[in-house]
DNA sequence: GTCTATAAAGGGATAGAC
DNA sequence: GTCTATCCCTTTATAGAC
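Residue numbers (the working numbering), protein chains in the order written: chain A, 203 to 412; chain B, 203 to 412.
As C-alpha cells, then:
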C-alpha cells in the first residue's frame with residue numbers, strides 16, 4: 203500500500219489527482235462508511251468545498267477512485283498472449299505472477315472495499331469485476347485456447363478451466379488476505395504456485411499421452 | 203437471506219435474540235458503518251438503551267452476531283468424516299454441497315461484512331476464519347488423508363490439496379457473489395461442481411494407475 | 001476554483017424514571 | 001431490564017467571500 207503522504211509537493215494544478223489519491227488511501231484503509239469527506243480533503247491538502255467542486259457526492263468520488271485504480275493496477279494480466287513462447291512454460295510463469303499479484307496490498311484492499319459497497323451499489327461491483335478479474339480470466343482463457351489448439355493440453359472449455367486455475371492459485375490465500383490473517387512466507391507462496399501449475403497441467407493433460 | 207421481519211411475535215423473554223437477529227439482518231445487508239444502533243433497536247422492537255444494556259458497544263454487538271452466525275450456518279462442513287463410505291464418492295458429494303453452500307446468501311454476506319471490518323478489527327477476522335472456513339478445510343483434509351491412506355489418491359499434502367479443491371469449487375463464483383454479479387443457473391453450478399471433482403481426482407490420481 | 005464558516009441531520013452513548 | 005429523552009460529537013453538504 204504505497205502511502206502518498208498528503209499535499210503532493212509537485213504540480214499544484216493536479217488537485218483532482220491529489221483528491222483521488224487521498225480518497226484511495228483512506229477508502230481502501232478505512233472503508234467507505236468510516237471515511238469522511240473532511241479527512242479526504244485534509245489528506246489531499248485542499249478544502250472540503252474543493253472536493254465537492256470536483257465530485258458532487260461521496261459516492262461519485264468513490265466510483266471514480268475505483269475506476270482509476272482498476273485501470274492502474276491490472277495491466278499485468280491485461281496484456282494478451284501472442285503465442286510465441288511455450289504455452290506450458292507460460293502457464294507456469296502466469297502462476298507465479300498471479301499469486302504475487304493476489305497478495306499485493308492494493309488488489310486485496312480493492313476487492314475488500316468493493317465487496318463491502320457492492321450490495322448498496324451493484325453497478326460498482328460490475329464495473330470492478332469487468333475491468334479487473336473479468337478481464338484477467340478472458341486473457342488467460344486465450345492462452346489455454348492456444349495450448350488446446352496445439353494439443354499440449356486437452357481443454358474443452360477454456361473459460362471454465364481459466365476460472366479453475368486462477369481459483370486454485372487464489373486458494374486459501376486470498377481468503378486469508380480478505381480477513382486479515384497472517385500470510386504464508388514467500389517460499390511457501392512460490393511452492394504453492396508451482397504445485398498448482400503442475401496439478402493443473404496434470405488435470406488437463408491429453409488423455410492419450412502421460 | 204431469511205428476513206426476520208421485526209418484533210418477534212413469540213416469547214417476550216428473548217430480547218437478546220431479537221437484538222441479535224436485527225443486528226444480523228442489518229449488518230449483513232447494510233454493512234457495519236451504515237447500520238445505526240437506532241435502526242437495530244427499532245427493528246428488534248426495543249429501545250436503544252435496551253440494546254446497550256446487553257451489548258456495551260456497537261463493536262461488541264457485531265462480534266457477538268458474527269460468532270452466533272458462524273456456529274449456526276456452518277454445521278454441514280463441521281461434521282467429521284467417519285470413513286464408512288467410498289472416499290471418492292464422498293468427494294463428489296462434498297463438491298455439490300460445498301458449492302451450494304458458498305452461493306447461499308448468508309455465507310456471502312458474512313464474508314463480505316467481515317472482510318469490510320477486518321482491517322480495523324483483525325481479531326474479528328481471526329474469529330471468523332477459524333470458526334468457519336478454517337474448520338471446513340481441516341475437515342476436508344481429513345477425508346483426503348483417508349483417500350491417501352487407502353491408496354485411491356496420491357496426496358502428499360492433504361491440507362494444501364484441501365485448500366486447492368475448495369478453491370476450485372469457489373472458482374469464479376464466489377468472486378461474483380462478493381461483488382454482486384448475477385449468479386450462474388442451478389444446472390451450470392451442478393455441472394461446475396461435477397467438473398471440478400473429476401479434474402481434482404485426475405490431478406491427484408496415483409501415478410501407477412490411470 | 002478555492003477558501004472559511006456554518007447549516008442541517010444523524011450517529012453513538014447515557015441519565016434518570018419506572 | 002426497559003423505556004423516554006437528551007447530550008455531544010461527527011458527518012454531509014452548502015453559502016458567501018475572494
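Where is the CB? At the ideal position from N, CA and C, for every residue including glycine.
Look at residue 404 of chain B here: in three-state DSSP terms it is helix. For the set B/246, B/344 and B/319, the Cα lying nearest the Cα of residue 261 of chain B is the one of B/319. For residue 322 of chain A, the three-state secondary structure derived from DSSP is coil. Note on geometry: alpha-carbon atoms of residue 363 of chain A and residue 257 of chain B lie some 47 Å from one another. Rounded to whole angstroms, the gap between the alpha carbons of residue 238 of chain A and residue 400 of chain B is 50 Å. For residue 379 of chain B, the enclosing alpha helix (DSSP H) starts and ends at 375-380. Between residue 368 of chain B and residue 301 of chain B, the gap from beta carbon to beta carbon reaches 7 Å or more.
Contact annotation for residue 299 of chain A against chain B: no contact, minimum CB-CB distance about 18 Å [criterion: below 7 Å]. Where residue 301 of chain A is concerned, the enclosing alpha helix (DSSP H) starts and stops at 289-304. Annotation for residue 406 of chain A: 355, 356, 357 and 363 place their beta carbon closer than 7 Å to its own, counting only its chain and skipping 5 residues before and after. In the DSSP assignment, residue 370 of chain B falls within the alpha helix (DSSP H) that extends over 360-372.
For the set A/382, A/338, A/322 and A/217, the Cα lying nearest the Cα of residue 246 of chain A is the one of A/217. Any Cβ of chain A closer than 7 Å to the Cβ of residue 269 of chain B would place that residue at the interface, and such an atom is absent. Any Cβ of chain A closer than 7 Å to the Cβ of residue 227 of chain B would place that residue at the interface, and such an atom is absent. DSSP places residue 352 of chain A in the coil class of the three-state scheme, outside both helix and strand.
The three-state secondary structure of residue 390 of chain B, taken from DSSP, is helix.
Taking C-beta atoms as the reference points, residue 229 of chain B and residue 323 of chain B fail to come closer than 7 Å.
Listed along chain A, the residues sitting closer than 7 Å to residue 365 of chain B by beta-carbon distance are 373 and 374. Taking a Cβ-Cβ cut-off of 8 Å, the neighbours of residue 331 of chain B in chain A comprise 377, 378, 381 and 383, given in sequence order. For residue 385 of chain A and residue 309 of chain A, the gap between their C-alpha atoms comes out near 15 Å. Straight-line measurement puts the Cα of residue 259 of chain B at about 13 Å from the Cα of residue 240 of chain B.
In this structure residue 286 of chain B is exposed. Its beta-carbon is surrounded by fewer than 16 other beta-carbon atoms within 10 angstroms. Between residue 242 of chain B and residue 225 of chain B, the CB-CB gap stays under 7 Å. Within 9 Å of the CB of residue 395 of chain A, no CB atom of chain B is found; the nearest one sits about 12 Å away.
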